[in-house]
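Trainee: Heads up, the sequence shown is in UniProt numbering, so the first residue is 1 and it goes up one at a time.
Just so it is clear, CB atoms sit at the ideal spot from N, CA and C, and this is done for glycine as well.
Take this structure, written in structure tokens, and hold onto it; I'll ask about it next.
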Amino acid sequence: MKKLKFILFFVVLTAIYFAGTTSGYSQNSSDSENRPLVVVNGYFLRYGDLAKIKENLIESRVELNADESSNVFGSRGENGAIVIILKNKQMSAGGNKVSESDLQKLEEIAEAKRKQKENREKERIEYQEKIQEIEESKKNEKQESVKITPPPLTIEQREKSAEESFKKDFPEEIRNMLQNEYIKSVNDPAIKKIIVDGKEVSKTEALKISVFDIDTSTSIYNKEKTEGTLEIRMIKK
């Protein structure tokens with residue numbers, strides 16, 4: 001009788017031991033409780049060993065929610081899953097290998113998540129660029145609104161501006177040609193008198209005048225064209 005009780009006790013202990021240390025996917029019951037499955041390089045890994053993987057060894061990491069994980073692993077994936085691909089793709093996690101069909105499903109889900117992440121990042125960048133563009137536009141509008149209206153130009157400034165504009169519109173050779181034509185009209189031997197704005201001046205004084213300050217210049221001769229008068233009207237400033 002005592003021998004029978006000892007055998008039964010040994011069988012129970014053995015059953016308890018194996019129930020606590022074995023699993024179809026390398027995770028014991030206490031380790032998997034309310035924790036996601038862990039798949040590394042296509043092999044199941046105990047959740048507790050996840051911390052042993054250094055970040056610099058990881059190429060990609062995708063987390064599946066409960067629905068996505070259950071769609072692949074059934075009830076075993078009811079707490080989600082963490083799928084990791086190491087840079088060294090030949091490295092084994094040491095657990096049971098995930099079936100090829102499940103690996104295919106995982107790859108499809110992981111790819112969809114990667115694209116979703118890329119799209120979100122693209123949208124985030126585009127949104128930031130749009131915000132920056134709007135802020136820059138508002139900044140420019142604000143700068144425009146606070147611009148101080150410059151005071152009106154003085155007579156000297158207007159004359160200088162007009163002169164610079166004239167020089168810009170007419171090349172130097174054209175300006176020289178016009179000035180030379182005026183000088184010829186002053187030095188004409190037949191011109192005996194020069195009147196500037198109703199006042200008679202000498203030829204020396206007349207030659208000091210810039211053609212660009214003259215409004216009109218008229219030469220009036222007698223019938224024989226032996227004597228003449230040059231009448232000049234200056235631009236009013």
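Just how far apart, CA to CA, sit GLY48 and PRO36?
Mentor: Start at 1 with the first residue of the sequence shown, and residue 48 comes out as number 48. Start at 1 with the first residue of the sequence shown, and residue 36 comes out as number 36. The alpha-carbon atoms of GLY48 and PRO36 are separated by roughly 11 Å.
Trainee: Return the first residue and the last residue of the beta strand (DSSP E) that TYR43 is part of.
Mentor: Residue mapping note: residue 43 aligns to position 43 of the sequence shown, counting from 1. Start and end: 43-45.
Trainee: How far does the alpha helix (DSSP H) with VAL186 in it reach, from first residue to last?
Mentor: Within the sequence shown, the letter at position 186 stands for residue 186. Run containing VAL186: 172-187, per the alpha helix (DSSP H) assignment.
Trainee: Judging by CA-CA distance, which residue of THR216, LYS184 and ARG233 is the nearest neighbour of ILE198?
Mentor: Mapped onto the sequence shown, residue 198 falls at position 198. A quick correction: the sequence has Gly, not Ile, at residue 198. Closest by alpha carbon: ARG233.
Trainee: Taking only three categories from DSSP, how would you classify ARG61?
Mentor: For the purposes of this step, residue 61 is taken as residue 61 along the sequence shown, with counting starting at 1. Looking at ARG61 - three-state DSSP - the assignment turns out to be strand.
Trainee: Where does LYS97 fall in DSSP's three states?
Mentor: What you label residue 97 is simply residue 97 of the sequence shown in a count that begins at 1. Reduced to three states, the DSSP call for LYS97 is strand.
Trainee: With ILE53 and ILE84 assumed to form a contact (beta carbons below 8 Å), what rounded beta-carbon distance in angstroms separates them?
Mentor: Counting from one through the sequence shown, the residue named residue 53 turns up at place 53. Counting from one through the sequence shown, the residue named residue 84 turns up at place 84. Their Cβ separation, rounded to whole angstroms, is 7 Å, which keeps ILE53 and ILE84 in contact under 8 Å.
Trainee: On the DSSP letters alone, give me the boundaries of the alpha helix (DSSP H) that LEU207 sits inside.
Mentor: If you number the sequence shown from 1, residue 207 lands on position 207. Taken as a continuous stretch (DSSP letters only), the alpha helix (DSSP H) holding LEU207 covers 203-207.
Trainee: What is the DSSP secondary structure of LYS105, counted as helix, strand or coil?
Mentor: Position 105 of the sequence shown holds residue 105. Three-state DSSP puts LYS105 in a helix.
Trainee: Please identify the residue among ILE82, ALA51 and LYS115 whose C-alpha is closest to the C-alpha of ALA66.
Mentor: Stepping through the sequence shown from its first residue, residue 66 is reached at position 66. That would be ILE82, whose Cα lies nearest to the Cα of ALA66.
Trainee: Is ILE125 helix, strand or coil by DSSP?
Mentor: Looking up residue 125 in the sequence shown gives position 125. Helix at ILE125.
Trainee: Give the range of the alpha helix (DSSP H) segment to which VAL72 is assigned.
Mentor: Indexing the sequence shown from 1 puts residue 72 at position 72. Unbroken alpha helix (DSSP H) run through VAL72: 66-73.
Trainee: Using C-beta distances below 8 Å, list every residue in its chain close to PHE200, excluding the 5 sequence neighbours before and after it, in chain order.
Mentor: On the sequence shown, residue 200 is found 200 positions in, with the first residue counted as 1. The sequence given here has Glu at residue 200, not Phe. LYS193 and ILE194, listed in sequence order.
Trainee: In whole angstroms, give me the CA-to-CA distance for ALA112 and VAL39.
Mentor: By one-based count along the sequence shown, residue 112 stands at place 112. By one-based count along the sequence shown, residue 39 stands at place 39. The alpha-carbon atoms of ALA112 and VAL39 are separated by roughly 18 Å.
Trainee: Classify TYR182: buried if its beta carbon has 16 or more other beta carbons within 10 angstroms, exposed otherwise.
Mentor: One-based indexing of the sequence shown puts residue 182 at position 182. Counting Cβ neighbours within 10 Å, TYR182 comes out buried, since at least 16 surround it.
Trainee: Going by the beta-carbon positions, is the gap between ILE191 and ILE214 smaller than 8 Å?
Mentor: Locating residue 191 in the sequence shown gives position 191, where the first residue counts as 1. Locating residue 214 in the sequence shown gives position 214, where the first residue counts as 1. No.
Trainee: For GLU59 and LYS130, what's the separation of their Cα atoms in angstroms?
Mentor: Here residue 59 corresponds to residue number 59 of the sequence shown, with the count starting at 1. Here residue 130 corresponds to residue number 130 of the sequence shown, with the count starting at 1. In a straight line, the C-alpha of GLU59 is about 32 Å away from that of LYS130.
Trainee: Put ALA190 into one of helix, strand or coil per three-state DSSP.
Mentor: As a working note, residue 190 is residue 190 in the sequence shown. Note: ALA190 maps to coil in three-state DSSP.
Trainee: So what's LYS236 in DSSP terms, helix, strand or just coil?
Mentor: Residue 236 sits at position 236 when you count from the first residue of the sequence shown. Three-state DSSP puts LYS236 in coil, outside helix and strand.
Trainee: Mind checking which residues open and close the beta strand (DSSP E) that includes VAL39?
Mentor: Here residue 39 corresponds to residue number 39 of the sequence shown, with the count starting at 1. Looking at the DSSP string, the run of the beta strand (DSSP E) that includes VAL39 is 37-40.
Trainee: My understanding is that LYS87 touches LEU50, with C-beta atoms under 8 Å, so please give their C-beta distance in whole angstroms.
Mentor: The residue you call residue 87 lines up with position 87 of the sequence shown. The residue you call residue 50 lines up with position 50 of the sequence shown. Incorrect: roughly 17 Å between the Cβ atoms, too far for contact.
Trainee: Quick one: what's LYS199 bridged to in DSSP?
Mentor: Position 199 of the sequence shown, counted from the first residue, corresponds to residue 199. The partner list for LYS199 (beta bridge, DSSP) reads VAL196.
Trainee: Give the DSSP-derived three-state secondary structure of LEU53 in the structure shown.
Mentor: For the purposes of this step, residue 53 is identified with residue 53 of the sequence shown, where counting begins at 1. The sequence shown places Ile at residue 53, not Leu. In the structure shown, ILE53 sits in coil (DSSP, three-state: anything other than H, G, I, E or B).
Trainee: Bridge partners of GLU231, per DSSP?
Mentor: For this step, residue 231 is matched to residue 231 along the sequence shown. Answer is ILE195 and THR218.
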